[in-house]
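Engineer: For the protein sequence lines, the chains are D and W, in the order given.
For the first sequence, numbering that gives the first Met the number 0 begins at 0 and goes up steadily by one.
For the second sequence, numbering that gives the first Met the number 0 begins at 0 and goes up steadily by one.
Here a beta-carbon is modelled for each residue, glycine too, at the ideal position from N, C-alpha and C.
Have a look at the structure that comes next, please.
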Amino acid sequence: MRKPPAWRGPGLVLVALAAIFAVAPRLYSNESVLFTMMTFMALAQGLNLLYGFTGYLPFGYVGFFGTGAYATSLLVTFTSLPVIAAVLLGGLAAVVVGLILGPLFRLSGPYFSIANLAASQIIYNVVANEALKPITGGPYGIKIEHVYAPTASYVTMLAILLAATALAAYFRRSRFGLGLRAMHQDPISASLAGVDIVRERLIAWLASAAIAGLAGGAYAWNLSVFYPEAVFTLQISVFAIVFALFGGVGTVIGPLLGAALLYAFYAGIGVSAPQYFELLYGLLIVLLVLFLPNGLASLLTRRNVDVL
Amino acid sequence: MALLEYALIGGILYGIFFSLVGIGLNLIFGVMRIINLAHGQFIMLGGFGAYMLARGMGLNPLFGIPLAIAGGIVIGYPLYYGVVPRLQKSQDPEMLSFILFFGIAQMIEAVAVFAFGADQRSLPQDALGSGNIGVLGQEFPDSWWVACLVSVLAMLGLYLYFSRTRLGFATRAIMADRDEARATGIDVDRVSAIALIIGIALAGIAGVFVPYLIGSVSSSIGDGLTTTSFAIIIIGSLGNPLGTVVGGLVFGVGTMLMQTYYSSWSNLAPYALLLAIVLVRPSGLLGRAVRRA
Numbered sequence: 000m001r002k003p004p005a006w007r008g009p010g011l012v013l014v015a016l017a018a019i020f021a022v023a024p025r026l027y028s029n030e031s032v033l034f035t036m037m038t039f040m041a042l043a044q045g046l047n048l049l050y051g052f053t054g055y056l057p058f059g060y061v062g063f064f065g066t067g068a069y070a071t072s073l074l075v076t077f078t079s080l081p082v083i084a085a086v087l088l089g090g091l092a093a094v095v096v097g098l099i100l101g102p103l104f105r106l107s108g109p110y111f112s113i114a115n116l117a118a119s120q121i122i123y124n125v126v127a128n129e130a131l132k133p134i135t136g137g138p139y140g141i142k143i144e145h146v147y148a149p150t151a152s153y154v155t156m157l158a159i160l161l162a163a164t165a166l167a168a169y170f171r172r173s174r175f176g177l178g179l180r181a182m183h184q185d186p187i188s189a190s191l192a193g194v195d196i197v198r199e200r201l202i203a204w205l206a207s208a209a210i211a212g213l214a215g216g217a218y219a220w221n222l223s224v225f226y227p228e229a230v231f232t233l234q235i236s237v238f239a240i241v242f243a244l245f246g247g248v249g250t251v252i253g254p255l256l257g258a259a260l261l262y263a264f265y266a267g268i269g270v271s272a273p274q275y276f277e278l279l280y281g282l283l284i285v286l287l288v289l290f291l292p293n294g295l296a297s298l299l300t301r302r303n304v305d306v307l
Numbered sequence: 000m001a002l003l004e005y006a007l008i009g010g011i012l013y014g015i016f017f018s019l020v021g022i023g024l025n026l027i028f029g030v031m032r033i034i035n036l037a038h039g040q041f042i043m044l045g046g047f048g049a050y051m052l053a054r055g056m057g058l059n060p061l062f063g064i065p066l067a068i069a070g071g072i073v074i075g076y077p078l079y080y081g082v083v084p085r086l087q088k089s090q091d092p093e094m095l096s097f098i099l100f101f102g103i104a105q106m107i108e109a110v111a112v113f114a115f116g117a118d119q120r121s122l123p124q125d126a127l128g129s130g131n132i133g134v135l136g137q138e139f140p141d142s143w144w145v146a147c148l149v150s151v152l153a154m155l156g157l158y159l160y161f162s163r164t165r166l167g168f169a170t171r172a173i174m175a176d177r178d179e180a181r182a183t184g185i186d187v188d189r190v191s192a193i194a195l196i197i198g199i200a201l202a203g204i205a206g207v208f209v210p211y212l213i214g215s216v217s218s219s220i221g222d223g224l225t226t227t228s229f230a231i232i233i234i235g236s237l238g239n240p241l242g243t244v245v246g247g248l249v250f251g252v253g254t255m256l257m258q259t260y261y262s263s264w265s266n267l268a269p270y271a272l273l274l275a276i277v278l279v280r281p282s283g284l285l286g287r288a289v290r291r292a
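In structure tokens:
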């Protein structure tokens, strides 16, 4: 039997994703739930690019999301660039922040996570500072409702989700991704085997930052009026982490499935029993870590099924 | 000059108290290599314990201290045997504990909202003395001094535990090398469970004074306290409980100086300090130079 070509699996996933989210708005009228679901799928996938392949957990991941959201909104407010260009530059802004935060990789494990969290809090406190009210609106939020376009921002977010997934597929199947995983397991051996640790890690980090920044930009476009808390709440980091873990990090379909299923579940509880939301979601995280630490995808890989 | 003196002395008092806020987290990390992301929520529970005693039963909030110790035992013992050995068998205990304890933090917060609502609660202002005590002409409320005194006593107690008791020796052995300690016949699980209880109890004791130093206690203060505690213990150095005191002082004085001179940016102080120090000395001010790749 011939081996199927390497692009077939990723191609199928991308086509399926595009088809599902192209058709879904016709079947389900609450488009904002679908939009938020895509946002979290993109974020979970973006986080997976770093955490899943290098083991560095960016607890301040929301910092990139908020940076993208504010960079996009400010560009729309103060320049006459088309919104799409502003969203792309939002991604670029997150990459620049990522470069500035590059020295964080001198830290390991929890130090890295907490320092990253501190960095995101600094960005938040600067953006939301009363003193910057004339520029960012400070704590009173920012408005770009004159460019509000639900359909265009929906399509943009879908494109970002597809880009994140394509990147994850590349990481999963390429020599580059193999190098990352080798580094995760044993940095010294990997570097002896010729993996340029510093460079590869930085690329994964910037790719991950770019996805969050782009998603932030498209999210800001879709909301069009928001407070700084809305794009800087720690809950965004946490959701991305939990969703990615639930599905299974280090795979391509894991974070997508995890984010889609759990977000649907949360949206469900949020509507039917909001007072138990926090309790149930805390309990779910605890059970997840104790009984399914490698995520849904591990149910298959354990049985030697080759999961993309 | 008076302003500077006020900031420095206030910063030292504030910093000593915040050493107590952070120390439990550091102890738990040092002994178990577990990141207790629910630390701030345990502090919050301590604050509500004191609130119940003071407002519900008319007792002095200081009775919150024995309550916090009892709470540490009731919560810490089952928590240890329920999750810790299982976590330590997993591939990446540090990272997984991070996420697991985040879940626990969410549950505690949800229960606190059910039990106490989402409002801010304060304690009777004069319960710890209604006057001010001055040093060098700078006056601070009695409650700050009491909080500071209790913090010093608690940390002194911890120091004596480490340096004078068999359990303390065993705890230090585990901090140095868990497997080696097991091999020499130390009951690692029992000693670690006690360390977890002490860590939670210290958080609860700090919580008793939070309403005085921060102004109030509410069910949502946990995450902020956790982040601040992390800043403090990382500044001091992770896994070295006594380094926390240095971290607390740096944090306290830094925060007070910022509040005095640049109050609108003072929220940034703990995070900026944390980043700056960690980037210059990746293992904290008192850390040994250990670093992976």
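What residues are listed by DSSP as bridge partners for VAL248/D?
Structural biologist: Within the first sequence, the letter at position 249 stands for residue 248/D. In the DSSP output, where bridge partners are listed per residue, VAL248/D has none listed.
Engineer: Give me the chain D residues within the contact set of MET305/W, using Cβ-Cβ distance strictly less than 9 Å, ordered along the chain.
Structural biologist: Not covered by the structure: residue 305/W. The range shown for chain W is 0 to 292.
Engineer: Looking only at its chain, what residues have a beta carbon closer than 6 Å to the beta carbon of SER119/D, apart from the 5 residues adjacent to it on each side?
Structural biologist: Position 120 of the first sequence, counted from the start, is the residue given in the question as residue 119/D. GLY59, VAL61 and GLY62.
Engineer: Using beta-carbon positions only, say whether LEU58/W and LEU52/W come within less than 8 Å of one another.
Structural biologist: Translated into positions along the second sequence, residue 58/W becomes position 59. Translated into positions along the second sequence, residue 52/W becomes position 53. Result yes, Cβ atoms of LEU58/W and LEU52/W sit closer than 8 Å.
Engineer: Given a threshold of 16 other Cβ atoms within 10 Å of its Cβ, counted over all protein chains shown, does GLN90/W qualify as buried or as exposed?
Structural biologist: Stepping through the second sequence from its first residue, residue 90/W is reached at position 91. It is exposed - the Cβ of GLN90/W has fewer than 16 other Cβ atoms within 10 Å.
Engineer: From ARG120/W to PHE28/W, what does the alpha carbon distance come to, in whole angstroms?
Structural biologist: For the purposes of this step, residue 120/W is taken as residue 121 along the second sequence, with counting starting at 1. For the purposes of this step, residue 28/W is taken as residue 29 along the second sequence, with counting starting at 1. About 30 Å.
Engineer: Quick check on MET106/W - is its C-beta less than 8 Å from some C-beta in chain D?
Structural biologist: The sequence position of residue 106/W within the second sequence is 107, counting from 1. Closer than 8 Å to some Cβ of chain D, the Cβ of MET106/W qualifies, so yes.
Engineer: Residues in the stretch 114-133 of chain D with C-beta within 8 Å of chain W's C-beta atoms, listed in sequence order?
Structural biologist: Within the stretch 114-133 of chain D, the qualifying residues are ALA114, LEU116, ALA117, ALA118, GLN120, ILE121, ASN124, VAL125, ASN128, GLU129 and ALA130.
Engineer: What residue does the beta strand (DSSP E) around VAL134/W start on, and which one ends it?
Structural biologist: If you number the second sequence from 1, residue 134/W lands on position 135. That run of the beta strand (DSSP E) goes 131-134.
Engineer: For ILE240/D, go through chain W and note every residue whose CB falls closer than 7 Å to its CB, in chain order.
Structural biologist: Position 241 of the first sequence holds residue 240/D. The contacting residues are ILE98.
Engineer: In chain order, what residues of the stretch 72-97 of chain W put their CB closer than 9 Å to some CB of chain C?
Structural biologist: Chain labels in this structure do not include chain C; the protein chains are D and W.
Engineer: What are the boundary residues of the alpha helix (DSSP H) that HIS38/W is part of?
Structural biologist: For the purposes of this step, residue 38/W is taken as the residue at position 39 of the second sequence. It spans 38-50 - the alpha helix (DSSP H) in which HIS38/W sits, taken as one unbroken run.
Engineer: Do you know how far the Cα of SER223/D is from the Cα of TYR299/W?
Structural biologist: There is no way to answer for residue 299/W, as the model of chain W reaches only from 0 to 292.
Engineer: Does DSSP classify VAL244/W as helix, strand or coil?
Structural biologist: For the purposes of this step, residue 244/W is identified with residue 245 of the second sequence, where counting begins at 1. Correct three-state label for VAL244/W: helix.
Engineer: Shortest alpha-carbon distance to VAL237/D belongs to which of ALA15/D, LEU87/D, MET40/D and GLU144/D?
Structural biologist: On the first sequence, residue 237/D is found 238 positions in, with the first residue counted as 1. Of the listed residues, the one whose Cα sits closest to VAL237/D is MET40/D.
Engineer: Judging by CA-CA distance, which residue of SER263/W, GLY251/W and THR227/W is the nearest neighbour of GLY21/W?
Structural biologist: For the purposes of this step, residue 21/W is taken as residue 22 along the second sequence, with counting starting at 1. Comparing Cα positions, the closest option is THR227/W.
Engineer: List the endpoints of the continuous alpha helix (DSSP H) containing TRP204/D.
Structural biologist: Locating residue 204/D in the first sequence gives position 205, counting from the first residue. Start and end: 196-222.
Engineer: Cβ atoms of ALA206/D and LEU46/D: under 8 Å apart, would you say?
Structural biologist: In the first sequence, the residue the question calls residue 46/D occupies position 47. In the first sequence, the residue the question calls residue 206/D occupies position 207. For LEU46/D and ALA206/D, no; Cβs fall outside 8 Å.
Engineer: For TRP204/D, count the other beta carbons within 10 Å of its own beta carbon; 16 or more makes it buried, fewer makes it exposed. Which is it?
Structural biologist: Within the first sequence, the letter at position 205 stands for residue 204/D. Buried, by the Cβ-count rule.
Engineer: Assuming contact is defined by CB atoms lying nearer than 8 Å, are THR71/D and ALA85/D in contact in what I supplied?
Structural biologist: As a working mapping, residue 71/D is identified with position 72 in the first sequence. As a working mapping, residue 85/D is identified with position 86 in the first sequence. Their beta carbons are under 8 Å apart, which means THR71/D touches ALA85/D by this criterion.
Engineer: By the three-class DSSP mapping on this structure, what secondary structure does PRO57/D have?
Structural biologist: By one-based count along the first sequence, residue 57/D stands at place 58. PRO57/D falls in the coil class under three-state DSSP.
Engineer: Applying the 10 Å Cβ sphere with the 16-neighbour rule, what's the burial state of GLY214/W?
Structural biologist: Counting from 1 along the second sequence, the entry for residue 214/W is found at position 215. Around the CB of GLY214/W, fewer than 16 other CB atoms lie within 10 Å, so the residue is classed as exposed.
Engineer: Look at the Cβ atom of ALA296/D, then the Cβ atom of THR250/D, and state whether they are nearer than 8 Å.
Structural biologist: Taking the first residue of the first sequence as 1, we reach residue 296/D at position 297. Taking the first residue of the first sequence as 1, we reach residue 250/D at position 251. Yes.
Engineer: Please work out which residues of its chain come closer than 8 Å, Cβ to Cβ, to ALA292/W, disregarding the five sequence neighbours upstream and downstream, and give them in chain order.
Structural biologist: For the purposes of this step, residue 292/W is taken as residue 293 along the second sequence, with counting starting at 1. Low confidence applies here, because ALA292/W scores a pLDDT of 33, under 50, leaving its location unreliable; read the following figure in that light. There are no such residues.
Engineer: Does any residue of chain D bring its CB to less than 8 Å from the CB of PHE101/W?
Structural biologist: Taking the first residue of the second sequence as 1, we reach residue 101/W at position 102. With 8 Å as the cut-off, PHE101/W counts as an interface residue toward chain D.
Engineer: What does a CB cutoff of less than 6 Å around ALA169/W pick up in its chain, not counting 5 residues either side in sequence?
Structural biologist: Counting from one through the second sequence, the residue named residue 169/W turns up at place 170. Here the set comprises ILE185 and VAL190.
Engineer: From the DSSP output, in three-state form, read off LYS142/D for me.
Structural biologist: Within the first sequence, numbered from 1, the residue matching residue 142/D stands at position 143. Strand, per DSSP.
Engineer: Just to check my reading of the structure: TYR13/W and LEU212/W have Cβ atoms closer than 8 Å, yes? What is that Cβ distance to the nearest angstrom?
Structural biologist: Residue 13/W sits at position 14 when you count from the first residue of the second sequence. Residue 212/W sits at position 213 when you count from the first residue of the second sequence. Right, the Cβ-Cβ distance comes to about 7 Å (below 8 Å), so this counts as a contact.
Engineer: Mark MET56/W as exposed unless 16 or more other C-beta atoms lie within 10 angstroms of its C-beta, in which case mark it buried.
Structural biologist: Within the second sequence, numbered from 1, the residue matching residue 56/W stands at position 57. Exposed is the call here.
Engineer: Note the first and the last residue of the continuous alpha helix (DSSP H) segment covering ALA168/D.
Structural biologist: Residue 168/D sits at position 169 when you count from the first residue of the first sequence. Note, ALA168/D: alpha helix (DSSP H), 149-172.
Engineer: How about ALA153/W and GLY281/D: do their beta carbons lie closer than 8 Å?
Structural biologist: On the second sequence, position 154 is the one that residue 153/W refers to. On the first sequence, position 282 is the one that residue 281/D refers to. No.
Engineer: Short check: CB of ILE240/D to CB of PHE229/W, under 8 Å?
Structural biologist: Locating residue 240/D in the first sequence gives position 241, counting from the first residue. Locating residue 229/W in the second sequence gives position 230, counting from the first residue. For ILE240/D and PHE229/W, no; Cβs fall outside 8 Å.
Engineer: Going by beta carbon distance, what residues of the same chain come within less than 8 Å of SER265/W, once the five residues before and after it are set aside?
Structural biologist: Against the second sequence, residue 265/W aligns to sequence position 266. The beta carbon of SER265/W sits closer than 8 Å to those of THR254, MET257 and GLN258, all from its chain and outside the five residues before and after it, given in chain order.
Engineer: Between GLU199/D and chain W, is any beta-carbon pair separated by less than 8 Å?
Structural biologist: Numbered from 1 along the first sequence, position 200 holds the residue referred to as residue 199/D. At a cut-off of 8 Å, the C-beta of GLU199/D has no neighbouring C-beta in chain W.
Engineer: Of the choices SER236/W, PRO281/W, ALA271/W and ILE204/W, whose alpha-carbon is the least far from that of ILE121/D?
Structural biologist: As a working mapping, residue 121/D is identified with position 122 in the first sequence. Answer by Cα proximity: ALA271/W.
Engineer: Pick from PRO4/D, ASN303/D, TYR218/D and SER271/D: whose alpha carbon is nearest that of THR66/D?
Structural biologist: Here residue 66/D refers to the residue found at position 67 when the first sequence is read from its first residue. Cα-wise, what sits closest to THR66/D is TYR218/D.
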